[in-house]
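These notes are about the structure you will find just below.
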Amino acid sequence: MQPANHASQRLSNMELLRIISMLMVLAVHFDGASLGLPQLSGNVDRMNGRQAWQLATESITIIGVNCFTLLSGYFGIKLRVKSVAAYLFQCIFYAVGIATVTAITAPNLINYDQWLESWLVLTHTDLWYVPAYFALMLLSPFLNAGFSAMSRKSAVGVTLLFILFNIWAGWWWGGKFNPNGYTIAQLIMMYMTGRTLSLFPTLATGCGRNLTMASTGYVAATAGIFVTSLYMPSLKAFAYNAPFVICASVALFITFMNLHMQSRAINYIARSAFAVYLLHKSPIIWTHLMKPTVYQWWQEHSLWEFSLMMTGLMIVVYIVAMLIDPMRRTLSDIFISTVTKSFRHEHAE
Numbered sequence: 000m001q002p003a004n005h006a007s008q009r010l011s012n013m014e015l016l017r018i019i020s021m022l023m024v025l026a027v028h029f030d031g032a033s034l035g036l037p038q039l040s041g042n043v044d045r046m047n048g049r050q051a052w053q054l055a056t057e058s059i060t061i062i063g064v065n066c067f068t069l070l071s072g073y074f075g076i077k078l079r080v081k082s083v084a085a086y087l088f089q090c091i092f093y094a095v096g097i098a099t100v101t102a103i104t105a106p107n108l109i110n111y112d113q114w115l116e117s118w119l120v121l122t123h124t125d126l127w128y129v130p131a132y133f134a135l136m137l138l139s140p141f142l143n144a145g146f147s148a149m150s151r152k153s154a155v156g157v158t159l160l161f162i163l164f165n166i167w168a169g170w171w172w173g174g175k176f177n178p179n180g181y182t183i184a185q186l187i188m189m190y191m192t193g194r195t196l197s198l199f200p201t202l203a204t205g206c207g208r209n210l211t212m213a214s215t216g217y218v219a220a221t222a223g224i225f226v227t228s229l230y231m232p233s234l235k236a237f238a239y240n241a242p243f244v245i246c247a248s249v250a251l252f253i254t255f256m257n258l259h260m261q262s263r264a265i266n267y268i269a270r271s272a273f274a275v276y277l278l279h280k281s282p283i284i285w286t287h288l289m290k291p292t293v294y295q296w297w298q299e300h301s302l303w304e305f306s307l308m309m310t311g312l313m314i315v316v317y318i319v320a321m322l323i324d325p326m327r328r329t330l331s332d333i334f335i336s337t338v339t340k341s342f343r344h345e346h347a348e
């Protein structure tokens, strides 16, 4: 069965979700990855306000990565020489650019070997999503062809079985193929889920019932994440393949499917979403700037002050990415044009 064709125009409701998903990723990194999450182990009576804030923030925002991948599945990755070149160029641009600027302005923070390794974005990187998504791109033609060949009923069945397999063998039993969602198996699962959702245009009619049910489902699933975090280790409760995390991701995604809107501003801002990830999670920026800054704020300020400062930092990071990204896009167009011309020339001979 052929998924619905969304390629004719960028849907601003889904582009808004792309922006929010990346802001969620920032929040997760500023919360759990910077501060560490409380491990209550059922001792709820000992939970203080800061611990509750951390767990609530993580519960609300942990779905960012899943939603980002659902978008790829919903619209479908079109594997082309151009798309591969653009993806790799974007990753290299930020990795090498940051390493080069650091080598010039703060040479004590980087050596020559580290600068050389910054070019190897698929093998020498702390950003697990970069090589995992590249692998997903390479697999996308097979996944797309499989969905095109299946009936809608079969697509739903296969996707549900794959989700259950990931939850049972991966999340519950800690299977090495996908113990907590930081794997290519997780991206495949969410891509398949997004592809399946695209087979149901009735889910995106914009009717009040769809919106109410989906948003209620998101709130309920988020509450489920929070409750499980009170009793489970944080790595388990907030795993990308945890049942409540998957449910919350899908529910929020369907919510945005029903928010029909068109906005050039939203579409433009969304173009820099992935750049936000590549920028702030660069090992140099993350280790020497982002993480210590957030931790210091957490230690020195009240909870409300910290919340405002963290929100402001998220906005600043996004704005900086938007200011840098036009240069990346210009250089990328030149690079892609050169690559595609060379590719066509080789095939013409």
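Position one of the sequence shown corresponds to residue 0 (numbering that gives the first Met the number 0), numbered consecutively onward. In this text, a Cβ means the ideal position worked out from N, Cα and C, and glycines have one as well.
Contact under 9 Å by Cβ, alanine 26 with isoleucine 59: yes
query: Do alanine 94 and isoleucine 166 have their C-beta atoms closer together than 9 Å?
result: no
message: According to DSSP, simplified to helix, strand and coil, what is valine 38?
response: Note that residue 38 is glutamine in the sequence shown, not valine. Coil at glutamine 38, not helix or strand.
- prompt: Are the Cβ atoms of methionine 309 and tryptophan 296 separated by less than 9 Å?
  reply: yes
query: Based on Cα-Cα distance, which residue from Thr227, Leu278, Val157 lies nearest to phenylalanine 92?
result: Leu278
- request: Could you have a look at methionine 149 and say whether DSSP puts it in helix, strand or coil?
  value: coil
- request: For lysine 81, I'd like the list of residues in its chain whose CB is within less than 7 Å of its CB, leaving aside the five on either flank, ordered along the chain.
  value: Ile335, Thr339
- prompt: Nearest to methionine 149 by alpha carbon, out of Thr195, Phe305, Cys90?
  reply: Thr195
Pair within 9 Å by beta-carbon distance, methionine 13 and tyrosine 73: yes
message: Contact between the stretch 185-194 and the stretch 225-237 is defined here as three or more beta-carbon pairs at a separation below 8 Å; is this criterion met?
response: no
- prompt: Run through DSSP, which three-state label would serine 301 get?
  reply: Looking at serine 301 - three-state DSSP - the assignment turns out to be coil, as it is neither helix nor strand.
message: Let me check you understand the geometry: is the CB of isoleucine 333 closer than 8 Å to at least one non-hydrogen atom of the ligand ADP?
response: As presented, the structure is devoid of all ligands, the ligand ADP included, so that no description of it is given.
message: Taking the beta carbon of glutamine 261 as the centre, do at least 16 other beta carbons fall within 10 Å, making it buried, or is it exposed?
response: Looking at its Cβ environment, which holds fewer than 16 other Cβ atoms inside 10 Å, glutamine 261 is exposed.
task: State whether the stretch 170-178 contacts the stretch 215-233, with contact taken as three or more CB pairs (one from each stretch) at a distance under 8 Å.
output: Verdict: no, contact absent.
Minimum C-alpha distance to glycine 41 - residue among Tyr111, Thr215, Leu229: Leu229
- prompt: When you compare each of Leu186, Ile103, Ile76, Thr104 to proline 130 by their alpha carbons, which one comes out closest?
  reply: Leu186
message: Measuring alpha carbon to alpha carbon, tell me which residue in Ile19, Lys280, Ile109, Leu138 is nearest arginine 79.
response: Leu138
query: According to the neighbour-count rule (16 or more other Cβ atoms, all chains shown, within 10 Å of its Cβ), is alanine 6 buried or exposed?
result: In this prediction, alanine 6 has a pLDDT of 49, which is less than 50 and means its spatial position is unreliable; what the coordinates show is noted afterwards. Around the beta carbon of alanine 6, fewer than 16 other beta carbons sit within 10 angstroms, so the residue counts as exposed.
Whole-number beta carbon distance between threonine 204 and asparagine 257, since they are thought to touch under 8 Å: 7 Å
query: Got a sec, what are the start and stop residues for the alpha helix (DSSP H) cysteine 206 sits in?
result: Looking at the DSSP string, cysteine 206 is not in any alpha helix (DSSP H), and its letter there is neither H nor E.
- prompt: Grouping DSSP H, G and I as helix and E and B as strand, with all else coil, what is threonine 122?
  reply: coil
message: Tell me the rounded alpha-carbon separation between threonine 104 and alanine 247.
response: 43 Å
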